[in-house]
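> 4 is the number of the first residue of the sequence shown in my numbering; add one for each residue after it.
We put the beta carbon where it would ideally sit given N, CA and C, even for glycine.
Note that the structure is predicted; figures quoted are calculated from it, not measured.
Can you keep this structure in mind? I'll have questions shortly.
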Amino acid sequence: MLVDVVRTQGGQAMPASLYALEDSQTPSYSLPGDLSVDVAIVGAGYTGLSTALDLARRGVDVVVLEARDVGWGASGRNGGQINPGLKFGPDIVARDLGPDAVAFSQGAVDRVFEIVSDHAIDCDIRRGGTLRAAIDSADIASIEALAREAQRHGIEMHLLCARDMASATGTDRYAAGLLDPAGGQLNPLKFVRGLAGAATELGARIFTNTPVSAASREGGRWLLRTPRGQVSAKSVLFATNGYTDGLVPGLRRSLLPVFSSIVASRPLPHHLAERILREGQSLFEIGTVTTYYRVDARRRLIFGGRGRMRDASGPGAFPSIAAYAERLWPDLRAVGWEFGWNGRVALTADQYPHLHRIEDSALACVGFNGRGVAMATAIGRELARLLIDDPSHRPILPVTPIRPIALQPFWPLGVGPALAWARLRATFLR
Ligand SMILES: Cc1cc2nc3c(=O)[nH]c(=O)nc-3n(C[C@H](O)[C@H](O)[C@H](O)COP(=O)(O)OP(=O)(O)OC[C@H]3O[C@@H](n4cnc5c(N)ncnc54)[C@H](O)[C@@H]3O)c2cc1C
Numbered sequence: 004m005l006v007d008v009v010r011t012q013g014g015q016a017m018p019a020s021l022y023a024l025e026d027s028q029t030p031s032y033s034l035p036g037d038l039s040v041d042v043a044i045v046g047a048g049y050t051g052l053s054t055a056l057d058l059a060r061r062g063v064d065v066v067v068l069e070a071r072d073v074g075w076g077a078s079g080r081n082g083g084q085i086n087p088g089l090k091f092g093p094d095i096v097a098r099d100l101g102p103d104a105v106a107f108s109q110g111a112v113d114r115v116f117e118i119v120s121d122h123a124i125d126c127d128i129r130r131g132g133t134l135r136a137a138i139d140s141a142d143i144a145s146i147e148a149l150a151r152e153a154q155r156h157g158i159e160m161h162l163l164c165a166r167d168m169a170s171a172t173g174t175d176r177y178a179a180g181l182l183d184p185a186g187g188q189l190n191p192l193k194f195v196r197g198l199a200g201a202a203t204e205l206g207a208r209i210f211t212n213t214p215v216s217a218a219s220r221e222g223g224r225w226l227l228r229t230p231r232g233q234v235s236a237k238s239v240l241f242a243t244n245g246y247t248d249g250l251v252p253g254l255r256r257s258l259l260p261v262f263s264s265i266v267a268s269r270p271l272p273h274h275l276a277e278r279i280l281r282e283g284q285s286l287f288e289i290g291t292v293t294t295y296y297r298v299d300a301r302r303r304l305i306f307g308g309r310g311r312m313r314d315a316s317g318p319g320a321f322p323s324i325a326a327y328a329e330r331l332w333p334d335l336r337a338v339g340w341e342f343g344w345n346g347r348v349a350l351t352a353d354q355y356p357h358l359h360r361i362e363d364s365a366l367a368c369v370g371f372n373g374r375g376v377a378m379a380t381a382i383g384r385e386l387a388r389l390l391i392d393d394p395s396h397r398p399i400l401p402v403t404p405i406r407p408i409a410l411q412p413f414w415p416l417g418v419g420p421a422l423a424w425a426r427l428r429a430t431f432l433r
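Shown next, in the form of C-alpha cells:
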C-alpha cells in the first residue's frame, strides 16, 4: 500500500496520521548555506528539540538539522502516552543504572508538564494516569510484584481488581491493573511543534528538509554535509532513534527499528466515551506484544499495537489491530475507523535507552524502546549539559560503546513469527 502523505506549508511530506491531518500548519526553514555553530543536532524529534531548547536557554548557538520535517519521525506520530519509568521496574533499573535513573525516569513525566507549562504549548496535555493492564495470571503476578517494588521506592501506584478494570475500561478483558497516577497524555505532533517553537524563540535555528549525509572531523571541529551546505560545529548530537541511518558507523545496527501501528476511530458517541477510559487514563497491556490506547481530546479512540513491519497508512491498513479493539468493545464497529498509520520505535538489546560518546565531542542518544514521550523529552537537559562539557555533570545514563546486535539486518524475520504467535495468543487464549 502506498503511504498517504500530507503536504504542509513548506512542501514537506508528513505521514498521514490523525495528528498531521488535524494540524498541517508547520513552517519549514531551509539551510541558507555553510554555517559555523557551537552545537549541531541531527534529528528534530523530542530528543533533538528538547536538547536544543535547553542549549538555547543557556545562550548556546545551536542548530537542528532535520531530514524531513519537525516531528516527522516517531515524535509526531506516536500514541501520545506520557508514561513514567522505563521498561523494567525500579529494582532492576536501580541495579542496572543506579537509583538516580529510577528517580529521573519516574520524574520524566513532570518534565514534560513543566516544559508545556513554561512555554504555554497548546497540545491537549492531561494527567489521567498510566494504567498497566493484566490479562492472564502471569501478568497479574508481574503487576503485583511491580506494585510492591514501587511501594519500596516510594512511588505511588494503585492495584485495581478485575471489577475496577471493567469499570475503568468498559471491557471485561482485564484480570487486574496497576494505575500510576503520574502518567498522562498529549497530542504528540502539537507537542513536538511546540517544542520547536519554544526552542526557536530562545534562539535555536531549525532547518528542515536538510538530511545530513556525512559527518566527519576536520581541524578539531565536526563537519556535517547536507545538500544545501556544510555545518561546522564544536559538538554534535545524533538524535535519530528509529530513523537512524548509516551516518554514525555501527549505530543503525545497534537498534531494531520495529514498527508500531495506530488506528484512530471517529469521535466516540457519548455512551462509549463514558465507558472507555473516561478519566483520561493512558492504558497499555502487559504482554509480548504491547497494545496501548487512550481517548483523545476529541473523543477519538487512539488504539495502537504491532502491525505490518513496513510503512503503511489508511484506516484499513491494520485490520488485526482494529479487530482486537472491536473485540474489546463490539459497539465500535458502528463507530468506524478514520485513520491508520505507523512508525518506527528503536528497540535496544538491553531495553534501555543508550548514550554513546563519539570521538569525545559528539553524542548519540537513541533506543527509547517505545517510551520516548517522557524520556526523550526529559533527557534533553542532560544532553545539553554534556554537550557544553559541564565537568561537574555525571550523565544519568551510562556512556556505553556502540554494540551492533547480532543478525540485526535480519530482524524482520524474527519479528514476524513472534508477532503471529502473540496475536494467536491474544485472540484465542485468556
Ligand atoms: C506508532 C508509535 C507509537 C508510539 N507511542 C508512544 C507512546 O504512546 N508513548 C511513548 O512514550 N512513546 C511512544 N512511541 C515512541 C516515541 O514516539 C519515541 O520514543 C520518540 O518520539 C523518540 O524521539 P526521538 O526524537 O529520539 O526520535 P524521532 O522522533 O524518531 O526523530 C528522529 C528524527 O531524525 C531524523 N533523521 C534521521 N536521520 C537523519 C539524518 N541523516 N539527517 C537529518 N535528520 C535525520 C528523522 O527524520 C526523524 O525526524 C511511539 C512510537 C511510534 C512510532
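1) Would you list the residues sitting across from N345 in a DSSP beta bridge?
2) Counting only the same chain and skipping the five closest in sequence on each side, list residues whose C-beta sits under 7 Å from that of R135.
3) According to DSSP, R208 sits in a beta bridge with which residue or residues?
4) Could you give the C-beta distance for G79 and Y32, rounded to a whole number, given that I count them as a contact under 8 Å?
5) Compare the beta carbon distance of R129 and Q84 with 7 Å and say whether it is the shorter of the two.
6) DSSP three-state call for A425: helix, strand or coil?
7) Any heavy atom of ligand 1 within a distance shorter than 6 Å of the CB on V119?
8) If you count every other CB in all the chains shown that lies within 10 Å of the CB of A429, and 16 or more means buried, which is it?
9) Buried or exposed for P272, going by 16 or more other Cβ atoms inside 10 Å?
10) Pop quiz: G46 and T243 are said to be a contact at Cβ under 8 Å. What is the actual Cβ separation, rounded to whole angstroms?
11) Is the closest heavy atom of ligand 1 to the C-beta of A225 under 6 Å?
12) If distances are taken between C-alpha atoms only, which option among D121, V298, V119, D94 comes closest to S108?
13) Can you find a heavy atom of ligand 1 that lies under 6 Å from the Cβ of P102?
14) For Q154, which of helix, strand or coil comes out of DSSP?
15) Which residue wins for smallest C-alpha separation from R231, given the options A349, D26, G36?
16) For L163 and S140, I'd like the C-alpha separation in whole angstroms.
17) D103 to R114, Cα distance in whole Å?
18) Rounded to a whole number of angstroms, what is the C-alpha to C-alpha distance between R228 and T211?
19) Once DSSP output is grouped into helix, strand and coil, what is the label at L432?
Quick look at the numbers:
1) S264
2) I146, G180, L181, F287, I289
3) V66
4) Contact between G79 and Y32 fails: their C-beta atoms lie close to 16 Å from each other, not under 8 Å.
5) no
6) In this prediction, A425 has a pLDDT of 47, which is less than 50 and means its spatial position is unreliable; what the coordinates show is noted afterwards. Helix, per DSSP.
7) no
8) A caution first: A429 carries a pLDDT of 44, below 50, which makes its placement in the model unreliable, though a value can still be read off. That one is buried.
9) exposed
10) Contact holds; Cβ gap of about 4 Å.
11) A small correction: the amino acid at residue 225 is Trp; Ala does not occupy that position in the sequence shown. False, no ligand heavy atom lies under 6 Å from that Cβ.
12) D94
13) no
14) helix
15) Of the candidates A349, D26, G36, the one whose C-alpha sits nearest the C-alpha of R231 is G36.
16) 14 Å
17) 15 Å
18) Looking at the two C-alpha atoms, the distance is approximately 14 Å.
19) The predicted model places L432 with a pLDDT of 36, which falls under 50 and marks its position as unreliable, so this point remains unresolved.
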